[in-house]
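Be aware that the sequence shown starts at 61, since it is given in the numbering used here, and climbs by one per residue.
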Amino acid sequence: MTTSVLFDAPGPKARRRQALAGVLGGIVIAAIIGFLLWRMVETNQFAAAKWEIFANPNTITVLLNAFINTLIAAVLAIILSLLFGAIFGAMRVSTIAPLRWFSTVIVEFFRAVPLVLLILFVFLGFADTLQSFSNDLGITTLMDNAGLGRSQGALASLVIGLMLYNGSVLAEIFRAGVQSVPKGQREAAYSVGLTSGQTLRMILAPQAIRTMLPAIVSQSVVALKDTSLGLIVAYPELVRQGQLIAAGYNNYVPMAIIIGTVYILINYSLSKLANHLSKRQRRTKKLAPIKADPTLPPDTMIELETNRQLKD
61 MTTSVLFDAP GPKARRRQAL AGVLGGIVIA AIIGFLLWRM VETNQFAAAK
111 WEIFANPNTI TVLLNAFINT LIAAVLAIIL SLLFGAIFGA MRVSTIAPLR
161 WFSTVIVEFF RAVPLVLLIL FVFLGFADTL QSFSNDLGIT TLMDNAGLGR
211 SQGALASLVI GLMLYNGSVL AEIFRAGVQS VPKGQREAAY SVGLTSGQTL
261 RMILAPQAIR TMLPAIVSQS VVALKDTSLG LIVAYPELVR QGQLIAAGYN
311 NYVPMAIIIG TVYILINYSL SKLANHLSKR QRRTKKLAPI KADPTLPPDT
361 MIELETNRQL KD
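Printed below as a string of C-alpha cells:
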C-alpha cells in the first residue's frame, strides 16, 4: 500500500478523536431534530386539521397550477440563461478586445447585483410594458384560457432577472470550459487555416461542452430554486400560493414541509443528472484519430471529427 505525500494516514489516537467527534456530532444533530419534533408536537403541527387541507381537491388544483407556473418560469429562465451565457461566454474568449471588454463589464455587473434587486428593477420599471406586450401578442389570453392565472408582467420580470443573473454565471462557466481545452487545439486549428470563429465553433466548444455539462445542470438547479423569488413580484408560483393557502388555514409549517419536499425531489433529480453526466464524462472512451483524407479541405475534416465525437 502506498502513502500519499500530501496526506498522512491518521494514527490510533487520531482515529479515536475522529470517532469521538463523529459520535458527538451525531448526538448534537439528533438532539436538534428531537427538539424540533418536540416543538412541532407542542404546537400541534401534526394535528389532522392542519394536514387535511392537502386532501381538498381545490387545494391540490391550486398547488398543481402553482407548480406548473414554477416549472414554466424555470424552463424559460434556463433556456434564456443558456443563450445569454453562450453569447457572452463566446464574447469573453473572443480575439476582438472591445467585445471582451464589453462582455466582461456586463457579466461582472450582473453577477455582482443581488438577484432580488434585478427582479424588482425589471418589475417596477418595465412590468406594465411587458404586460402590454403580452396582451398585444395574445399570450395573456392564451394563459388565461389555460386556467393558470399568471401575470405576464410578473412572469417576464422574474424570467428576465433570472436570465441576467444565471446567464452571467453560465457565461463564466462557458469561458472557463473553453479555456480548459489545451492551447494546442487552438494553435492546430489556426495552423490549418481556420478562423477564430471556426475554431471556437468546431474545435473548442464541442470539447468544452462535455466538461461544462455538470456545471450547467448544477446552475439550472440554482435557477429552479430561485423561481421562489417570484413571491416578491406576486407571481403565483409554488411558494407564493402555498403562503396564501397557509395564511387562511394557519398551517405554515405543514405547507413548508410539503413545498420543501417538492423542491428537494426536483433538485435531487437534477443533481443526480449532473452526477451522471460527470461520471459519464470521466469514463468517456478515447477515440482513435480519424484518418486524414488529402482530398478534403481542413475545415471539412475537422467537422467530420467533431460530429463523430459528439455522436459517440
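Ideal Cβ positions, reconstructed from N, Cα and C, are used throughout, including at glycine.
A quick note: this is a predicted structure, and the numbers were derived from the prediction, not measured.
Residue range of the unbroken alpha helix (DSSP H) whose run includes residue 129: Here residue 129 is taken as the residue at index 69 of the sequence shown, counted from 1. Where residue 129 is concerned, the enclosing alpha helix (DSSP H) starts and stops at 117-152.
7 Å Cβ shell around residue 229 - same chain, five flanking residues per side excluded: Against the sequence shown, residue 229 aligns to sequence position 169. The answer, listed in chain order, is 171 and 279.
Assumed close pair residue 156, residue 218 - CB separation to whole angstroms, cut-off 8 Å: Locating residue 156 in the sequence shown gives position 96, where the first residue counts as 1. Locating residue 218 in the sequence shown gives position 158, where the first residue counts as 1. With 8 Å as the limit, residue 156 and residue 218 do not qualify as a contact, their Cβ atoms being about 33 Å apart.
Nearest residue (CA-CA) to residue 165, options 224, 314, 139 and 94: The residue you call residue 165 lines up with position 105 of the sequence shown. Nearest C-alpha to residue 165: 224.
Reference residue 282, options 93, 175 and 73, closest by Cα: For the purposes of this step, residue 282 is taken as residue 222 along the sequence shown, with counting starting at 1. Among 93, 175 and 73, the Cα nearest to that of residue 282 is on 175.
Among 330, 313, 334 and 127, the one whose alpha carbon lies nearest that of residue 102: As a working note, residue 102 is residue 42 in the sequence shown. With distances taken between Cα atoms, residue 102 lies closest to 313.
Touching by the beta-carbon criterion (3+ pairs, under 8 Å), the region 243-263 and the region 301-316: Touching, no.
Where the alpha helix (DSSP H) containing residue 294 begins and where it ends: For the purposes of this step, residue 294 is identified with residue 234 of the sequence shown, where counting begins at 1. Run containing residue 294: none; DSSP gives neither H nor E here.
Minimum C-alpha distance to residue 127 - residue among 323, 106, 232 and 213: One-based indexing of the sequence shown puts residue 127 at position 67. Closest option to residue 127, Cα to Cα, is 323.
Touching by the beta-carbon criterion (3+ pairs, under 8 Å), the region 142-159 and the region 230-237: The region 142-159, when compared against the region 230-237, does touch it at the 8 Å Cβ threshold.
Test: residue 77 CB closer than 8 Å to a CB of chain C: Within the model displayed, chain C is absent; a lone protein chain is all it includes.
Beta carbon of residue 337 nearer than 8 Å to that of residue 273: Sequence index remark: in the sequence shown, residue 337 carries index 277 (1-based). Sequence index remark: in the sequence shown, residue 273 carries index 213 (1-based). Using a Cβ distance threshold of 8 Å, residue 337 and residue 273 count as a contacting pair.
Residue 183 beta carbon less than 8 Å from that of residue 37: This structure does not reach residue 37, given that the chain is present from 61 up to 372, and the question cannot be answered.
Own chain partners of residue 214 with C-beta closer than 6 Å, once the 5 adjacent residues on each side are dropped: Along the sequence shown, one-based indexing puts residue 214 at 154. Apart from sequence neighbours up to five positions away, the residues of its chain that approach residue 214 with a beta-carbon distance below 6 Å are 293, 294 and 295, ordered along the chain.
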